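*Asks:*
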Amino acid sequence: MTYLPLPRALLGGAIALALLPSAYAESSGFFENSKTSLLLRNYYFNRDYNDPGASKSKVEEWAQGAILKFNSGYTPGVLGFGLDGIAMLGIKLDSSRQTSGSDLLPVHEDGHSADSYGRAGVAAKMRFSDTELFLGELMPDVPLLRYDDGRLLPQTFQGTMLVSRELSGLSLQGGQYTATSLRNSSNMQDLSAWAAPTVTSDSFNYAGAEYRFNEQQTLIGAWHSQLEDIYQQSYLNLLHKQKFGDWTLGANLGYFIDNDDGSARIGNVQSTTGYGLFSANLGGHTLYLGLQKVSGDTSWMSVYGSSGRTLGNDMFNGNFSNADERSWQARYDYNFVAAGIPGLLLMTRYGHGENATTKAGSNGKEWERDTEVSYTLQSGPMKNLSVRVNNATNRRSFNSDFDQTRVIVSYPLSL
Numbered sequence: 009m010t011y012l013p014l015p016r017a018l019l020g021g022a023i024a025l026a027l028l029p030s031a032y033a034e035s036s037g038f039f040e041n042s043k044t045s046l047l048l049r050n051y052y053f054n055r056d057y058n059d060p061g062a063s064k065s066k067v068e069e070w071a072q073g074a075i076l077k078f079n080s081g082y083t084p085g086v087l088g089f090g091l092d093g094i095a096m097l098g099i100k101l102d103s104s105r106q107t108s109g110s111d112l113l114p115v116h117e118d119g120h121s122a123d124s125y126g127r128a129g130v131a132a133k134m135r136f137s138d139t140e141l142f143l144g145e146l147m148p149d150v151p152l153l154r155y156d157d158g159r160l161l162p163q164t165f166q167g168t169m170l171v172s173r174e175l176s177g178l179s180l181q182g183g184q185y186t187a188t189s190l191r192n193s194s195n196m197q198d199l200s201a202w203a204a205p206t207v208t209s210d211s212f213n214y215a216g217a218e219y220r221f222n223e224q225q226t227l228i229g230a231w232h233s234q235l236e237d238i239y240q241q242s243y244l245n246l247l248h249k250q251k252f253g254d255w256t257l258g259a260n261l262g263y264f265i266d267n268d269d270g271s272a273r274i275g276n277v278q279s280t281t282g283y284g285l286f287s288a289n290l291g292g293h294t295l296y297l298g299l300q301k302v303s304g305d306t307s308w309m310s311v312y313g314s315s316g317r318t319l320g321n322d323m324f325n326g327n328f329s330n331a332d333e334r335s336w337q338a339r340y341d342y343n344f345v346a347a348g349i350p351g352l353l354l355m356t357r358y359g360h361g362e363n364a365t366t367k368a369g370s371n372g373k374e375w376e377r378d379t380e381v382s383y384t385l386q387s388g389p390m391k392n393l394s395v396r397v398n399n400a401t402n403r404r405s406f407n408s409d410f411d412q413t414r415v416i417v418s419y420p421l422s423l
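Residue numbers for the sequence shown follow my numbering, beginning at 9 and rising by one.
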């Protein structure tokens, strides 16, 4: 693995965003509709392990990140062409060999975290009518593949994505990805599954359709994907919101079907996962109830490094997706704008899983308790600066117990 020193990463990012084809620059829409943004992210991570047998008693690191994005407009004409670019830097502020491993930073073979790392990438794009084609370094956010942005820098993928919205309310999407750069890496690597990270695949392919109707209150979706020679996955979902007087009720329902694919490099894959996440909102208060069940011989399938936030019971440190696991969660959110304090948010939730089958055996149990408070400045010279403080407690019969605290300060700038 290669780690970019700070000056090289800065230079690489600047070159990647500066090398725009001259033919694009001559066209009126390319720059006039372009956007450039910089996100500064300061991240503190602390995890204390409670098990005497844990390899480390504590993981603690502090780092500074910068994410520069350029999104061009499209050139005029029936076919419009454009270019998107991203450059990212991560800088170590505090870490040691005894406390490394938070995924904020890459870790060398001697156990020390890298002083700095970074990467840069570009994506070409083309538009015809309301259909767009993207090719290059991308951050997919579709139900079957969601990039992970849970640490200092976001995960990216190398591939192609097609999005078509020619008909009102209907979105058709498809794509292929062949490599990924993890959230704490400078390099691209082959794709694999969370269930077997060391077994690689040549590509991830997907297609899906979503239709939104009923005055935008209802969405139905159907998706299918293939992590070549590892697994296939089908997914159906329904989202709906309905007003009842001052209340707004919501439902998020989903069902996955997983099977092995091709040469089945990780062996038999056979499972189904169903979930329902129900919400009730009144003023600044929102209550959630989540129910989820995995059935079959294997866990819910997903690409290694990606986020599991499609699932109904996804939480800070897990999503209760082991084989045979059934789980529930209760969650409460409060938006303090209802109390005259815009920008202040509170979230607290508890999730419980049981009957999990893992490498440690069957009938596994786990629970997680999360709390987060965040505040975003609404005005002044530091407008949009946000501070998030979250705490998580995890207890598992089949893995290590830990308590975790994170403090994230983010400052987005439009350039």
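Beta carbons: idealized from backbone N, C-alpha and C, even for Gly.
Owing to the predicted nature of the structure, the values given are computational and were not obtained by experimental measurement.
According to DSSP, is residue 403 part of a helix, a strand, or is it coil?
*Replies:* To locate residue 403, count along the sequence shown from 1; it is residue 395. Residue state, collapsed to three classes: strand.
*Asks:* Could you tell me which residues DSSP puts in a beta bridge with residue 286?
*Replies:* Within the sequence shown, numbered from 1, the residue matching residue 286 stands at position 278. Per DSSP, 259 and 297.
*Asks:* Compare the C-alpha of residue 281 against each of 263, 83, 366 and 236 and name the closest.
*Replies:* Residue 281 sits at position 273 when you count from the first residue of the sequence shown. It is 263 whose Cα lies nearest to the Cα of residue 281.
*Asks:* Provide the residue span of the beta strand (DSSP E) that contains residue 207, from first to last.
*Replies:* In the sequence shown, residue 207 corresponds to position 199, counting from 1. Counting along the chain, the beta strand (DSSP E) containing residue 207 begins and ends at 204-209.
*Asks:* Would you call the region 261-276 and the region 299-318 touching, i.e. three or more CB-CB distances under 8 Å?
*Replies:* The answer is yes - the region 299-318 touches the region 261-276, with three or more Cβ pairs under 8 Å.
*Asks:* Given a threshold of 16 other Cβ atoms within 10 Å of its Cβ, counted over all protein chains shown, does residue 337 qualify as buried or as exposed?
*Replies:* Locating residue 337 in the sequence shown gives position 329, counting from the first residue. By the neighbour-count rule (16 or more Cβ atoms within 10 Å), residue 337 is buried.
*Asks:* Locate the beta strand (DSSP E) running through residue 415, then write down its first and last residues.
*Replies:* The residue given as residue 415 occupies position 407 in the sequence shown. Element bounds for residue 415: 410-422.
*Asks:* Between 110, 190 and 179, which lies nearest to residue 126 when the distance is taken from Cα to Cα?
*Replies:* The residue you call residue 126 lines up with position 118 of the sequence shown. Of the candidates 110, 190 and 179, the one whose C-alpha sits nearest the C-alpha of residue 126 is 190.
*Asks:* Given a threshold of 16 other Cβ atoms within 10 Å of its Cβ, counted over all protein chains shown, does residue 252 qualify as buried or as exposed?
*Replies:* Start at 1 with the first residue of the sequence shown, and residue 252 comes out as number 244. That one is exposed.
*Asks:* Please look up how many angstroms separate the CB atoms of residue 98 and residue 63, rounded, as I've assumed it's under 8 Å.
*Replies:* Residue 98 sits at position 90 when you count from the first residue of the sequence shown. Residue 63 sits at position 55 when you count from the first residue of the sequence shown. Not really, about 24 Å apart at Cβ, beyond 8 Å.
*Asks:* Secondary structure at residue 86, three-state DSSP: helix, strand or coil?
*Replies:* As a working note, residue 86 is residue 78 in the sequence shown. The answer is coil: DSSP assigns residue 86 none of H, G, I, E or B.
*Asks:* For the candidate residues 71, 81, 211 and 219, whose alpha-carbon lies nearest to that of residue 312?
*Replies:* Here residue 312 corresponds to residue number 304 of the sequence shown, with the count starting at 1. Nearest C-alpha to residue 312: 211.
*Asks:* Suppose you measure from the CA of residue 357 to the CA of residue 377; what does that come to, to the nearest Å?
*Replies:* Numbered from its first residue, the sequence shown carries residue 357 at position 349. Numbered from its first residue, the sequence shown carries residue 377 at position 369. Looking at the two C-alpha atoms, the distance is approximately 6 Å.
*Asks:* Going by alpha carbons, who is nearest to residue 299 out of 373, 310, 291 and 285?
*Replies:* To locate residue 299, count along the sequence shown from 1; it is residue 291. Of 373, 310, 291 and 285, the residue nearest in Cα terms is 285.
*Asks:* What I want to know is whether the C-beta of residue 48 ends up closer than 7 Å to one or more non-hydrogen atoms of the ligand SAM.
*Replies:* Absence of the ligand SAM from the depicted structure is noted, as is the absence of any ligand whatsoever, leaving it without description.
*Asks:* Could you tell me whether the Cβ of residue 219 comes closer than 8 Å to any Cβ of chain D?
*Replies:* Although the question refers to chain D, the structure presented lacks it and comprises just one protein chain.
*Asks:* Is it right to say residue 315 is buried, meaning 16 or more other beta carbons lie within 10 angstroms of its own, or is it exposed?
*Replies:* Position 307 of the sequence shown holds residue 315. That one is buried.
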